[in-house]
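Asks:
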Amino acid sequence: MERRYASHPSQVKQFDTERLRQEFHIPKLFTPDALELVLTHEDRMIIGGAAPVNSDVKLETDLKELGVEYFLERRELGVINVGGPGIILVDGTAYDLERKDCLYIGMGSKEVIFRSKEAANPAKFYLNSAPAHKEFPTAKTTLAEAESGAMGSIENSNERTIHRFIHESGIQSSQLVMGMTQLKSGSMWNTMPAHVHPRRMEAYMYFDLPEDAIVIHLMGEPSETRHIVMRNEEAVISPSWSIHSGAGTNNYTFIWSMAGDNKKYADMDAVSMKALK
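If you count the sequence shown from 1, you need to add 3 to reach the numbering used here.
Written out as structure tokens, the structure reads:
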């Protein structure tokens, strides 16, 4: 498991492109038959992916890093499948996940195994894990079952649907919030006008992008914005003091996940368009 440290906004002002990517960009999530994990010190979120193809992948890591006897002893986990049909075994109970289905796995679950149904069309399980202080039951929701709402307009190039999976009125969790935003054809902007939420960090994972497409992900303090070039199936860490917005060369989908002081999706501090620099 790779470790990333928290950064102060005054430091980030000095970062060049390479340093920004080293600190915040996660380029590798899905390695065949392997588990990829990045631990960020921003609210101790773990971001990663499991890509079983010809063999199962087990949720495990160097437990000294977490100070526990098993991965979810004091953590919870949110999973969204962005690949072919798959199965997640949680302490022997099997959960089928189609593309864009979500599974929440509660604290105290001892064995988690990821499996694809077809090697020719393997599952890709995107993972977010946050520290937990209370146990909640493992629960699944499909894309059709998620609380969803349309936002934006084609005139503003941001017509999109927001799907909320793990949140205060959906799947219950200790602190993890997780969902997905799908931009419609002809739209490219997300999260603009921008906002910050000093009480929570956030991570984005962009997918449904053609091979030659990119998203320019905007980050930084509103008065000191920076950008990171993102490609398909890559993630980016957003500190609580940073905006998190982007524009693509065509439409795309992204998974957002948060951890921090509360589970209120709407808890954010708006940033005036005039304040951005």
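Using N, Cα and C, we set each Cβ at its ideal position, and we do this for glycine too. Please read these numbers as outputs of a predicted model, since none were measured by experiment.
Give the DSSP-derived three-state secondary structure of S13 in the structure shown.
Replies: Helix at S13.
Asks: DSSP state of N193, grouped into three classes?
Replies: Strand.
Asks: At 3 residues or longer, what runs of the beta strand (DSSP E) sit wholly inside the segment 138-181?
Replies: Taking only runs of at least 3 residues, the beta strand (DSSP E) segments lying wholly in the segment 138-181 are 142-144, 150-154, 163-169.
Asks: How many Å lie between E68 and F27 at the Cα?
Replies: So the alpha carbons of these two residues sit roughly 20 Å apart.
Asks: Confirm, please, whether the CB-CB distance from I258 to T233 is below 8 Å.
Replies: For the sequence presented, residue 233 should be read as Met rather than Thr. Taking 8 Å as the Cβ cut-off, M233 and I258 do not qualify as a contacting pair.
Asks: Rounding to the nearest angstrom, what Cα-Cα distance links A142 and Q17 in this structure?
Replies: Rounded to whole angstroms, A142 to Q17 spans 43 Å at the Cα level.
Asks: Just to confirm, is the Cβ distance from K120 to I83 under 8 Å?
Replies: In this structure, I83 does not lie closer than 8 Å to K120 by Cβ.
Asks: Is the segment 219-226 touching the segment 161-172, taking contact as three or more C-beta pairs under 8 Å?
Replies: Because the criterion of three Cβ pairs below 8 Å is not met, the segment 219-226 and the segment 161-172 do not touch.
Asks: For E79 versus G109, is the C-beta spacing smaller than 8 Å?
Replies: Yes, the Cβ-Cβ distance between E79 and G109 is below 8 Å.
Asks: Classify P196: buried if its beta carbon has 16 or more other beta carbons within 10 angstroms, exposed otherwise.
Replies: It counts as exposed.
Asks: Grouping DSSP H, G and I as helix and E and B as strand, with all else coil, what is K61?
Replies: Here K61 sits in strand by DSSP.
Asks: Can the beta-carbon of E171 be found less than 8 Å from the beta-carbon of S260?
Replies: It is not a contact, given that the beta carbons lie outside the stated cut-off.
Asks: Helix, strand or coil, according to DSSP, for T184 in the structure here?
Replies: Here T184 sits in strand by DSSP.
Asks: Looking at N235 and G189, is the spacing between their C-beta atoms short of 8 Å?
Replies: Contact: no.
Asks: Around the C-beta of A149, are 16 or more other C-beta atoms found within 10 angstroms, so that it is buried, or is it exposed?
Replies: Buried: at least 16 other Cβ atoms inside 10 Å.
Asks: Is the beta carbon of V15 less than 8 Å from the beta carbon of L62?
Replies: Their beta carbons are not under 8 Å apart, which means V15 does not touch L62 by this criterion.
Asks: Please determine, among G249, E45, A126, the residue with the shortest C-alpha to C-alpha distance to K103.
Replies: The shortest C-alpha separation from K103 is found at A126.
Asks: Which residues in the same chain as A37 place their Cβ atom closer than 7 Å to its Cβ, once the five residues preceding and following it in sequence are excluded?
Replies: Cβ within range, chain order: A54, V60.
Asks: When DSSP labels each residue in this structure, what does A278 get in the three-state scheme?
Replies: DSSP places A278 in helix when its eight states are reduced to three.
Asks: Here's the rule: buried if 16 or more other CB atoms are within 10 angstroms of the residue's CB, otherwise exposed. What is N161?
Replies: N161 should be labelled buried.
Asks: Per DSSP, which one or two residues make a beta bridge with R203?
Replies: Partner(s): G263.
Asks: Our contact map puts L179 next to A262 with C-beta atoms below 8 Å; I'd like the distance itself, whole angstroms only.
Replies: Indeed they touch by this definition, with Cβ atoms about 6 Å apart.
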